[in-house]
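-17 is the number of the first residue of the sequence shown in this note's numbering; add one for each residue after it.
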Amino acid sequence: MEFLCYHRDRSGSLPLREELLEAHWSYMDGYAQEMIARGPTFAAGSDTPTGSVHILDLPDPAAARAFAFDEPNYQAGVYRDVLLRRWHNTLGRTMWEFPGGRTGGDRYLVLGLGTGPAADLTPPPDQGELIAYGPLLSDDGATWLGTAALLRAPDPVTARSLLTPDRYADIEVHDWHFGGRA
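Printed below as a string of structure tokens:
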């Protein structure tokens, strides 16, 4: 089962986040085989972290909750909240298999929080700039709750246009970078 976990930073937690960087990376190293994608989000146009996204293949919702809530930054209070949802990897690859590589261009996390009937279940026909893409689902996988994507785009407006606007209660766009050790 695939899951998307987005930890959002608590205001003023940057010093604690920096102090725990090695502990965070070591924790994530323990999930290297399960990782589909990972990386920090940033305040628009800056180097100030705002969160951390991880997409993993785990056995069940209990394992996903353990991953999210045992994470060292979460335990220490770096994060203010956690979005944890089942997710479906419609591209069938990891971020490390993205043909565009780790660098070059602006990259974004796009979260569409759904309302009503399911939308955007399949990626758009031109997938060249998509790093990861898939629907957000209920724990049992039966109910569509939204759509999440990681992509390279020239700007946040273009990134947002990936999703059908009137099918979501909210669409969030976050600056995002490939994560992990350099």
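Heads up, the beta-carbon is just placed ideally off N, CA and C, and yes, glycines get one too.
Predicted, not measured: the structure shown is a model, and the values here were computed from it.
- Query: Measuring CA to CA, which of L2, G116, Y56 is closest to M(-17)?
  - Reply: When only C-alpha atoms are compared, the closest one is G116.
- Secondary structure of S28, DSSP reduced to three states: Of the three classes helix, strand and coil, the one that applies to S28 here is coil, per DSSP.
- Message: Extract the residue ranges of the alpha helix (DSSP H) inside the stretch 88 to 150, only unbroken runs of 4 or more that lie entirely within it.
- Response: Qualifying alpha helix (DSSP H) stretches, in chain order: 138 to 142.
- Take S34 and list the residues in its own chain whose beta-carbon comes closer than 6 angstroms to its own, dropping the five residues that flank it on each side. Counting only residues of its own chain and dropping the five nearest sequence neighbours on each side, S34 has a CB closer than 6 angstroms to the CB of H(-11), P22.
- Message: Taking 8 angstroms as the cut-off, does the stretch 74 to 87 touch the stretch 117 to 126 (at least 3 CB pairs, one atom from each stretch)?
- Response: The stretch 117 to 126 is not in contact with the stretch 74 to 87.
- Message: Suppose you measure from the CA of R89 to the CA of S(-7); what does that come to, to the nearest Å?
- Response: Straight-line Cα distance between these residues: approximately 23 angstroms.
- Verify whether the separation of the beta carbon atoms of N55 and R20 is less than 8 angstroms. Annotated as distal: N55 and R20, with beta-carbon spacing of 8 angstroms or more.
- Query: By DSSP, does P41 sit in helix, in strand, or in coil?
  - Reply: Coil at P41, not helix or strand.
- Item | 6 angstroms Cβ shell around D11 - same chain, five flanking residues per side excluded | There are no such residues.
- Please go through the same chain and pick out, in chain order, the residues whose beta-carbon is closer than 8 angstroms to the beta-carbon of A151, but skip the five residues on each side of it. The residues are L95, G96, T97.
- Message: I believe L38 touches E16 by the beta-carbon criterion, under 8 angstroms. Please report the beta-carbon distance rounded to the nearest angstrom.
- Response: Rounded to the nearest angstrom, the Cβ distance from L38 to E16 is 4 angstroms, consistent with a contact under 8 angstroms.
- Message: Taking the beta carbon of E53 as the centre, do at least 16 other beta carbons fall within 10 Å, making it buried, or is it exposed?
- Response: With 16 or more other Cβ atoms within 10 Å, it is buried.
- Message: My output table needs one value for P(-3): the three-state DSSP class, helix, strand or coil.
- Response: DSSP places P(-3) in helix when its eight states are reduced to three.
- Message: So, under 8 angstroms CB-CB, E111 and R134 are touching, yes? Tell me the CB distance rounded to an integer number of Å.
- Response: The beta-carbon distance between E111 and R134, rounded to whole angstroms, is 5 angstroms. This is short enough to meet the 8 angstroms contact definition.
- Query: DSSP state of R(-10), grouped into three classes?
  - Reply: Secondary structure of R(-10) (DSSP, three-state): strand.
- Query: Just how far apart, CA to CA, sit F158 and C(-13)?
  - Reply: Residue identity check: residue 158 is Trp in the sequence provided, not Phe. Taking the Cα positions, W158 is about 14 angstroms away from C(-13).
- Taking 7 angstroms as the cut-off, does the CB of T104 come closer than this to any heavy atom belonging to the ligand NAD? Ligands in the displayed structure: none, and consequently the ligand NAD is not present.
- Query: So, is V92 buried or exposed, given that buried needs 16 or more other C-beta atoms within 10 angstroms?
  - Reply: Around the beta-carbon of V92, 16 or more other beta-carbon atoms lie within 10 Å, marking it buried.
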